[in-house]
Ligand SMILES: [Zn+2]
């Protein structure tokens, strides 16, 4: 998002040259440059043996299961976001977090940081933000996540990471 007014004092911003970013909107009152940065968000595929943690959030995709996801809060590391979001949404504690790359979502100006993680402990205890959550067989994940393109890309990366052999998990890919 390109800033036009200062979110602190409300004054119209002026252009100022930054070292290597070119012209950047700047508030001379608060002495802040407002860089056009995306919102960081995590997407996490949680594994427990041959099962993966899937959920449904009707406000995102009504007919599709999705992975755990959430915005990085200012003040925490991205790894802390992974732990916090999985715990908040599902009640599960995870470990062995592994980064699987990023995806940019232009329509929402979100940078999706994708991860896999392993189940450590805890019983499923879903939050009120979530409509349904349960473990599902990894073989069926892609088929059940029909509308979640980014989530499906994460599952494909995870299948490579765990050395998945065979074709069953990919049967719904066209
Ligand atoms: Zn200002």
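In the numbering used here, the protein residues as written are 29 to 202. We put the beta carbon where it would ideally sit given N, CA and C, even for glycine.
Range covered by the alpha helix (DSSP H) that runs through residue i
i, result
"residue 171", "169-172"
"residue 180", "177-189"
Beta carbon of residue i nearer than 8 Å to that of residue j
i, j, result
"residue 106", "residue 68", "yes"
"residue 72", "residue 143", "yes"
"residue 66", "residue 113", "no"
"residue 89", "residue 175", "yes"
"residue 181", "residue 131", "yes"
"residue 96", "residue 74", "yes"
"residue 150", "residue 79", "no"
Terminal residues of the beta strand (DSSP E) in which residue i lies
i, result
"residue 143", "138-149"
"residue 199", "Run containing residue 199: none; DSSP gives neither H nor E here."
"residue 28", "Residue 28 lies beyond the residue range present for the chain, which begins at 29 and ends at 202; the question has no answer from this structure."
"residue 194", "Residue 194 -> no beta strand (DSSP E), and no H or E assigned at all."
- At 4 residues or longer, and completely inside the segment 83-128: list those alpha helix (DSSP H) runs for me, N to C. 106-118
- Is the segment 43-62 in contact with the segment 119-135, if contact means three or more CB pairs nearer than 8 Å? no
- Item | Any 3 or more C-beta pairs closer than 8 Å across the segment 156-163 and the segment 122-138 | no
- Could you name the residues whose beta carbon sits closer than 6 Å to any heavy atom belonging to ligand 1, keeping them in chain order? Every residue passing the under-6 Å Cβ criterion appears here: 34, 36, 37, 39, 55, 57, 58.
- Query: Taking the runs of the beta strand (DSSP E) that are 3 residues or longer, which of them lie wholly in the segment 39-90?
  - Reply: Listed in chain order, the complete beta strand (DSSP E) runs (minimum 3 residues) inside the segment 39-90 are 42-46, 50-55, 67-76, 79-84.
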